[in-house]
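> Okay, here's the structure, questions in a sec.
There are 2 protein chains.
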Amino acid sequence: MTLHWSPRSPFVRKVMVAAHELGLEDRITRVRTVVRMGMPNQDLLPDNPLSKIPTLVLPDGSAIFDSLTICEYLDHMAGGGLFPPAGPERWAALTRHALGTGFLDLLILWRNERDKPAAQQTEEWLKSFATKTEATLARLEKDAPALAALPFDIGHISIGCALSYLDFRFPDLGWREGRPALTAWHDTFRARPSAQATEAVDD
Amino acid sequence: MTLHWSPRSPFVRKVMVAAHELGLEDRITRVRTVVRMGMPNQDLLPDNPLSKIPTLVLPDGSAIFDSLTICEYLDHMAGGGLFPPAGPERWAALTRHALGTGFLDLLILWRNERDKPAAQQTEEWLKSFATKTEATLARLEKDAPALAALPFDIGHISIGCALSYLDFRFPDLGWREGRPALTAWHDTFRARPSAQATEAVDD
Numbered sequence: 000m001t002l003h004w005s006p007r008s009p010f011v012r013k014v015m016v017a018a019h020e021l022g023l024e025d026r027i028t029r030v031r032t033v034v035r036m037g038m039p040n041q042d043l044l045p046d047n048p049l050s051k052i053p054t055l056v057l058p059d060g061s062a063i064f065d066s067l068t069i070c071e072y073l074d075h076m077a078g079g080g081l082f083p084p085a086g087p088e089r090w091a092a093l094t095r096h097a098l099g100t101g102f103l104d105l106l107i108l109w110r111n112e113r114d115k116p117a118a119q120q121t122e123e124w125l126k127s128f129a130t131k132t133e134a135t136l137a138r139l140e141k142d143a144p145a146l147a148a149l150p151f152d153i154g155h156i157s158i159g160c161a162l163s164y165l166d167f168r169f170p171d172l173g174w175r176e177g178r179p180a181l182t183a184w185h186d187t188f189r190a191r192p193s194a195q196a197t198e199a200v201d202d
Numbered sequence: 000m001t002l003h004w005s006p007r008s009p010f011v012r013k014v015m016v017a018a019h020e021l022g023l024e025d026r027i028t029r030v031r032t033v034v035r036m037g038m039p040n041q042d043l044l045p046d047n048p049l050s051k052i053p054t055l056v057l058p059d060g061s062a063i064f065d066s067l068t069i070c071e072y073l074d075h076m077a078g079g080g081l082f083p084p085a086g087p088e089r090w091a092a093l094t095r096h097a098l099g100t101g102f103l104d105l106l107i108l109w110r111n112e113r114d115k116p117a118a119q120q121t122e123e124w125l126k127s128f129a130t131k132t133e134a135t136l137a138r139l140e141k142d143a144p145a146l147a148a149l150p151f152d153i154g155h156i157s158i159g160c161a162l163s164y165l166d167f168r169f170p171d172l173g174w175r176e177g178r179p180a181l182t183a184w185h186d187t188f189r190a191r192p193s194a195q196a197t198e199a200v201d202d
């Protein structure tokens, strides 16, 4: 399997954390693929016309995406573990996954907006990103004891990668302040071998 | 079940098309919930701190999201049909779902950018949205015979809603030109009772 990959994409990281958790990391050949909001990658378009990573090319040449699809594919290949079967546990895990990944979508839009020349920024968007981030962190602080108690699944991967992305791209936000339960849970995420093997680096 | 709903959100529409296909539309109480990129909805934040719709509140008071999670929940409740079981058909359906929904994400960003004052627009983003849209439509034209031949599933719902959103918000794009197979397939989507019951309207 060949993965369109980047060391700094938090969506790619979700897939790599899942691969490490499932013992499949050696089955994946990584190809560094650079994508930017304003510049489609022409080499990626045949596999994914949206020019998004991660995109996984299977041995038969077909490509699957997005990160959730790839994670579920890997989970099935490994015999399961990261996706609860149909039932309340699954809907809760998929909702936590959507919360973490929607949070990442928001943070990436926020970063794009923040890094524009001031005259091009939309003030009400910046305020909205901050409000939603505050609401999401408050919710995660409330949910942290449940996160700590539940078996590690796709929801944990998504939320863990989102919080690590805050550390990587929003270090000044100080998200840990007043959130001891979430801080403690994220420390357990960061200590996992799968997280340590996939930490984002500026190079 | 109570659904945070809007008649114009294509993501909400995916859920409502699924509900109609599964015969569950009468089980859903719709609450009109307005969200905008720049203005979080304070009433929605307790159910979804990202302030996104659709969000479904279950009888026990817990809330699930995003649209994919809700569709899979409804599918399971109805005994299945829109999500193939684990295997190649499922990964292909989930990838088609991700293509349609990622296309919608792109179109909504494009519309936000297009509607800004000219001085605030980022020219390279507008070009990038156009390039990715062209690549996605070319890919869908190539895949249209397969779409027509396969059993209707979550991938068809996602792609059908994305093309209908083009009609609704990008009528000048002329996406049908040079794409006879995709046009013919979308005509079959639009003719389904589930699509007719959920068509977006400006009000």
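Chains as they are written, first to last, in numbering that gives the first Met the number 0: chain A, 0 to 202; chain B, 0 to 202. Note that beta-carbon positions come from the ideal geometry of N, C-alpha and C, so glycine has one too.
1) Would you check if the distance between the CB atom of P144/B and the CB atom of A180/B is smaller than 8 angstroms?
2) One question on the structure: do L103/B and L23/B come within less than 8 angstroms of each other, judged by their Cβ atoms?
3) Inspect the beta-carbon positions of L55/B and L93/B and report whether they are closer than 8 angstroms.
4) Does the segment 60-68 of chain A come into contact with the segment 85-100 of chain B, if we say contact requires no fewer than three beta-carbon pairs (one atom in each stretch) closer than 8 angstroms?
5) So which residues on chain B does R138/A lean against when the C-beta distance must stay under 7 angstroms?
6) With a threshold of 7 angstroms on Cβ separation, who are the neighbours of K131/B within its own chain once the five nearest residues in sequence on each side are excluded?
7) Using a 10 Å radius around the Cβ and a threshold of 16 neighbouring Cβ atoms, would you call T28/B buried or exposed?
8) Report all residues from its chain with a CB closer than 7 angstroms to the CB of V200/A; omit the five preceding and five following residues, and keep chain order.
9) Check this for me: beta carbons of L67/A and M0/A, under 8 angstroms apart or not?
10) Express the C-alpha separation of R175/B and D142/A in angstroms, rounding to a whole number.
11) Are the segment 150-164 of chain B and the segment 12-19 of chain B touching, with three or more C-beta to C-beta distances below 8 angstroms?
12) Please tell me whether T121/B and E112/B are closer than 8 angstroms, where the distance is taken between their beta carbons.
13) Taking the alpha carbon of G101/B as the point to measure from, which residue in D65/A, G79/A and A97/A has its own alpha carbon closest?
14) Say whether chain A places a C-beta atom closer than 8 angstroms to the C-beta of D65/B.
15) Between D171/B, S127/B, G173/B and D46/B, which has its C-alpha nearest T32/B's C-alpha?
16) Mark K115/B as exposed unless 16 or more other C-beta atoms lie within 10 angstroms of its C-beta, in which case mark it buried.
17) Alpha carbons only, please: which of G99/A, M36/A and Q195/A is nearest the one belonging to L146/A?
18) Alpha helix (DSSP H) containing W124/A: first to last residue?
19) In terms of residue numbering, what span does the alpha helix (DSSP H) encompassing L21/B cover?
20) Return the residue from the list A97/A, L165/A, Q195/A and I69/A that minimises the CA-CA distance to S50/B.
21) Does the beta carbon of T130/B sit closer than 8 angstroms to a beta carbon anywhere in chain A?
22) If you compare alpha carbons, which of A148/B, I52/B, A129/B and L172/B is closest to V34/B?
23) Need the endpoints of the beta strand (DSSP E) that T32/A sits in, please.
24) Under 8 angstroms by Cβ, that's how I've got T182/A and P48/B pegged, so tell me the actual separation to the nearest angstrom.
25) Could you name the residues of the segment 30-42 of chain A whose beta carbon sits closer than 7 angstroms to any beta carbon of chain B, in the order they occur along the chain?
26) Is Y164/A closer than 8 angstroms to P39/A when the C-beta atoms are compared?
27) What is the residue span of the beta strand (DSSP E) that T1/B lies within?
28) Nearest to D152/A by CA position, among G177/A, F188/A and Q195/A, is which residue?
29) If you draw a straight line from the alpha carbon of P170/A to that of G177/A, how long is it in whole angstroms?
30) So the beta strand (DSSP E) T54/B belongs to, where does it begin and stop?
31) Say whether chain A places a C-beta atom closer than 8 angstroms to the C-beta of G101/B.
32) By DSSP, does I69/A sit in helix, in strand, or in coil?
33) Out of L44/A, R110/A and R138/A, which has the shortest C-alpha to C-alpha gap to R248/A?
34) Should E20/A go down as buried or exposed, given a rule of 16 or more other Cβ atoms within 10 Å for buried?
35) Determine the extent of the alpha helix (DSSP H) in which R113/B is found, giving its start and end residues.
36) Can you tell me which of A148/B, L43/B, A77/B and M36/B puts its alpha carbon nearest to the alpha carbon of R110/B?
Reading from the atomic positions:
1) By 1-based counting over the second sequence, the position of residue 144/B is 145. By 1-based counting over the second sequence, the position of residue 180/B is 181. The beta carbons of P144/B and A180/B sit closer together than 8 angstroms.
2) Position 104 of the second sequence, counted from the start, is the residue given in the question as residue 103/B. Position 24 of the second sequence, counted from the start, is the residue given in the question as residue 23/B. Result no, Cβ atoms of L103/B and L23/B do not sit closer than 8 angstroms.
3) Residue numbering aside, residue 55/B sits at position 56 when the second sequence is read from its first letter. Residue numbering aside, residue 93/B sits at position 94 when the second sequence is read from its first letter. Against a cut-off of 8 angstroms, the Cβ pair of L93/B and L55/B comes out as no contact.
4) Short answer: they touch.
5) As a position in the first sequence, residue 138/A is number 139, starting the count at 1. For R138/A, the C-beta contacts it makes with chain B under 7 angstroms involve P48, in order along the chain.
6) The count along the second sequence starts at 1 and reaches residue 131/B at position 132. The residues are L105.
7) As a working note, residue 28/B is residue 29 in the second sequence. Burial check for T28/B: the Cβ neighbour count within 10 Å stays below 16, so the residue is exposed.
8) By 1-based counting over the first sequence, the position of residue 200/A is 201. Around V200/A: P6.
9) Sequence index remark: in the first sequence, residue 67/A carries index 68 (1-based). Sequence index remark: in the first sequence, residue 0/A carries index 1 (1-based). With respect to M0/A, L67/A sits apart: the two C-beta atoms are not nearer than 8 angstroms.
10) Here residue 142/A is taken as the residue at index 143 of the first sequence, counted from 1. Here residue 175/B is taken as the residue at index 176 of the second sequence, counted from 1. Going by the C-alpha atoms only, they are around 47 angstroms apart.
11) Segment contact: the segment 150-164 of chain B against the segment 12-19 of chain B, three or more CB-CB distances shorter than 8 angstroms; contact assigned.
12) Here the question's residue 121/B lines up with position 122 in the second sequence. Here the question's residue 112/B lines up with position 113 in the second sequence. For T121/B and E112/B, yes; Cβs fall inside 8 angstroms.
13) Translated into positions along the second sequence, residue 101/B becomes position 102. For the residues D65/A, G79/A and A97/A, the minimum Cα distance to G101/B belongs to D65/A.
14) Walking along the second sequence from the start, residue 65/B turns up at place 66. Chain A contact via Cβ: present.
15) On the second sequence, residue 32/B is found 33 positions in, with the first residue counted as 1. It is D46/B whose Cα lies nearest to the Cα of T32/B.
16) Taking the first residue of the second sequence as position 1, residue 115/B is located at position 116. Answer is exposed; the Cβ neighbour count stays below 16.
17) Mapped onto the first sequence, residue 146/A falls at position 147. When each option's Cα is compared against that of L146/A, the closest is G99/A.
18) Translated into the one-based positions of the first sequence, residue 124/A becomes position 125. Taken as a continuous stretch (DSSP letters only), the alpha helix (DSSP H) holding W124/A covers E122 to A148.
19) If you number the second sequence from 1, residue 21/B lands on position 22. P9 to L21 is the span of the alpha helix (DSSP H), which, as asked, contains L21/B.
20) Numbered from its first residue, the second sequence carries residue 50/B at position 51. Comparing Cα positions, the closest option is A97/A.
21) If you number the second sequence from 1, residue 130/B lands on position 131. Closer than 8 angstroms to the CB of T130/B there is at least one CB belonging to chain A.
22) The residue you call residue 34/B lines up with position 35 of the second sequence. Its Cα nearest to that of V34/B, the residue I52/B stands out among A148/B, I52/B, A129/B and L172/B.
23) Position 33 of the first sequence, counting from 1, holds the residue named residue 32/A. If you look at T32/A, you'll find it isn't in any beta strand (DSSP E); DSSP assigns it neither H nor E.
24) Looking up residue 182/A in the first sequence gives position 183. Looking up residue 48/B in the second sequence gives position 49. Contact flag wrong, Cβ pair sits at about 18 angstroms.
25) Per Cβ criterion, the list reads M36, G37, M38 and P39.
26) Here residue 39/A is taken as the residue at index 40 of the first sequence, counted from 1. Here residue 164/A is taken as the residue at index 165 of the first sequence, counted from 1. Taking C-beta atoms as the reference points, P39/A and Y164/A fail to come closer than 8 angstroms.
27) Position 2 of the second sequence holds residue 1/B. Note, T1/B: beta strand (DSSP E), T1 to W4.
28) Counting from 1 along the first sequence, the entry for residue 152/A is found at position 153. The shortest C-alpha separation from D152/A is found at F188/A.
29) Start at 1 with the first residue of the first sequence, and residue 170/A comes out as number 171. Start at 1 with the first residue of the first sequence, and residue 177/A comes out as number 178. When rounded, the distance between both Cα atoms is 16 angstroms.
30) By 1-based counting over the second sequence, the position of residue 54/B is 55. For T54/B, the enclosing beta strand (DSSP E) has its first and last residue at T54 to V56.
31) One-based indexing of the second sequence puts residue 101/B at position 102. It does: the Cβ of G101/B has a partner Cβ on chain A nearer than 8 angstroms.
32) Position 70 of the first sequence, counting from 1, holds the residue named residue 69/A. The answer is helix: DSSP assigns I69/A an H, G or I state.
33) In the structure as shown, chain A begins at 0 and stops at 202. Residue 248/A is therefore absent and cannot be evaluated.
34) The residue labelled residue 20/A in the question sits at position 21 within the first sequence. It is buried - the Cβ of E20/A has at least 16 other Cβ atoms within 10 Å.
35) Residue mapping note: residue 113/B aligns to position 114 of the second sequence, counting from 1. Counting along the chain, the alpha helix (DSSP H) containing R113/B begins and ends at P87 to R113.
36) Stepping through the second sequence from its first residue, residue 110/B is reached at position 111. Of the candidates A148/B, L43/B, A77/B and M36/B, the one whose C-alpha sits nearest the C-alpha of R110/B is M36/B.
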